[in-house]
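Chemist: Mind looking over this structure? Questions follow.
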Amino acid sequence: MSDEAARAFGAPPPARPASRAGYWVGGLLIGLGVLAAVLWAIWGFARFGDAIDDLARVPVGDGGVVELSAGRKAIYYERFDAQDRVPALRIAIRPVGGRPLKIEDHSGSVSYALSGHTGQSVASVRIPRDGRYALTARATDPAVTDAELAIGKGLGNRIVRIIVGAILLVIVGVVAGTVLIVVTQRRRAA
169 MSDEAARAFG APPPARPASR AGYWVGGLLI GLGVLAAVLW AIWGFARFGD
219 AIDDLARVPV GDGGVVELSA GRKAIYYERF DAQDRVPALR IAIRPVGGRP
269 LKIEDHSGSV SYALSGHTGQ SVASVRIPRD GRYALTARAT DPAVTDAELA
319 IGKGLGNRIV RIIVGAILLV IVGVVAGTVL IVVTQRRRAA
């Protein structure tokens with residue numbers, strides 16, 4: 169088409185490059201992903217102290233009765249003087265009026281020093297149903313005093329969920345932001 173014909177029929181205006189807003193929004197998505205990950209980690213670790221506080225506790229030597237829900241539970245040794253050494257323990261747990269449950273070695277090693285408690289994982293047990301359970305522990309060393317057993321949901325899985333959640337939030341933010349930046353760049357180049 170000639171210039172004269174283009175003027176007569178109203179040629180389309182020259183193409184404008186695509187907006188740069190995609191760069192800003194992409195960068196914002198990346199930043200929001202990182203911010204969300206940081207907030208997730210802060211929130212998760214703040215609640216981690218609550219999880220430690222929520223563990224049921226009995227004194228080593230005397231034992232006690234605790235209320236437990238069904239499922240796998242971790243047993244932690246807590247000592248007030250915060251020594252690293254965990255003494256040899258004879259641990260027993262049974263439903264009140266029932267037969268002893270099988271105590272198993274705890275897979276992995278979880279230790280904590282938070283919320284006024286210092287503990288180390290020592291065993292695990294599968295609780296068959298909600299109810300009251302008698303938990304006892306005797307240290308083979310009679311010098312062990314001022315120690316407790318804490319029992320409840322394992323803390324290791326909680327740590328993994330916090331870390332994996334934060335990593336996923338960063339990945340989602342970076343991928344979404346990068347895709348938007350690349351799409352914007354290609355549109356502007358076309």
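Each step along the sequence shown adds one to the number in the numbering used here, with nothing skipped, and position 90 is 258. Every residue, glycine too, gets a C-beta built ideally from N, C-alpha and C.
1) Could you spell out where the alpha helix (DSSP H) holding LEU207 opens and where it closes?
2) Determine the closest residue to GLY231 out of VAL264, PHE213 and ARG253, with distance taken between C-alpha atoms.
3) Along the alpha helix (DSSP H) that carries ALA334, what are the first and last residues, could you check?
4) Distance check for LEU337 and LEU317, CA to CA, integer angstroms please.
5) Alpha carbon to alpha carbon, what distance is there between TYR191 and ALA198?
6) Leaving aside the five residues before and after VAL278 along the sequence, list all residues of the same chain whose C-beta is less than 6 Å from its C-beta, in chain order.
7) Would you mind sorting LEU235 into buried or exposed? The rule is 16 or more other CB atoms within 10 Å of its CB.
8) Would a C-beta distance cut-off of 7 Å place GLY341 and GLY201 closer than the cut-off?
9) If you check the beta carbons only, do ARG294 and ARG258 fall under 7 Å apart?
10) Give every residue of the same chain whose Cβ lies closer than 6 Å to the Cβ of ALA291, excluding the five residues on either side of it in the sequence, and list them in chain order.
11) Look at the Cβ atom of LEU348, then the Cβ atom of GLY217, and state whether they are nearer than 7 Å.
12) Closest to ALA311 by CA distance: which of ARG253, ALA238 and ALA224 is it?
13) Does ARG247 pass the burial test, meaning 16 or more other C-beta atoms within 10 Å, or should it be called exposed?
14) LYS270 by DSSP, collapsed to three states: which one?
15) Name, in chain order, the residues that DSSP records as bridge partners for VAL312.
16) Could you name the residues of the same chain whose beta carbon sits closer than 6 Å to that of ALA204, not counting the 5 residues immediately before and after it, in chain order?
17) To the nearest angstrom, how far is it from the Cα of VAL233 to the Cα of GLY320?
Modeler: With the structure as the only source:
1) Where LEU207 is concerned, the enclosing alpha helix (DSSP H) starts and stops at 189-221.
2) From the listed residues VAL264, PHE213 and ARG253, the smallest Cα separation to GLY231 is found for VAL264.
3) For ALA334, the enclosing alpha helix (DSSP H) stretches over residues 324-357.
4) Going from the Cα of LEU317 to the Cα of LEU337 covers about 36 Å.
5) One point to set straight first is that residue 198 is Ile, not Ala, in the sequence displayed. If you take the alpha carbons of ILE198 and TYR191, they lie about 11 Å apart.
6) Around VAL278: SER289, LEU323 and GLY324.
7) Looking at the sequence provided, one finds Glu at residue 235 rather than Leu. Flag for GLU235 reads exposed.
8) Yes. Within cutoff.
9) In terms of Cβ geometry, ARG294 and ARG258 do not form a close pair [threshold 7 Å].
10) Answer for ALA291: ILE243, ILE259, ILE271 and HIS274, listed in chain order.
11) Their beta carbons are not under 7 Å apart, which means LEU348 does not touch GLY217 by this criterion.
12) Distance check between ALA311 and each of ARG253, ALA238 and ALA224 places ARG253 closest, using alpha-carbon atoms only.
13) It counts as buried.
14) Looking at LYS270 - three-state DSSP - the assignment turns out to be coil, as it is neither helix nor strand.
15) Its beta-bridge partners do not exist; DSSP assigns none.
16) Closer than 6 Å at the Cβ level, and outside the excluded window around ALA204, lie LEU337.
17) Annotation: VAL233 to GLY320 spans about 13 Å, alpha carbon to alpha carbon.
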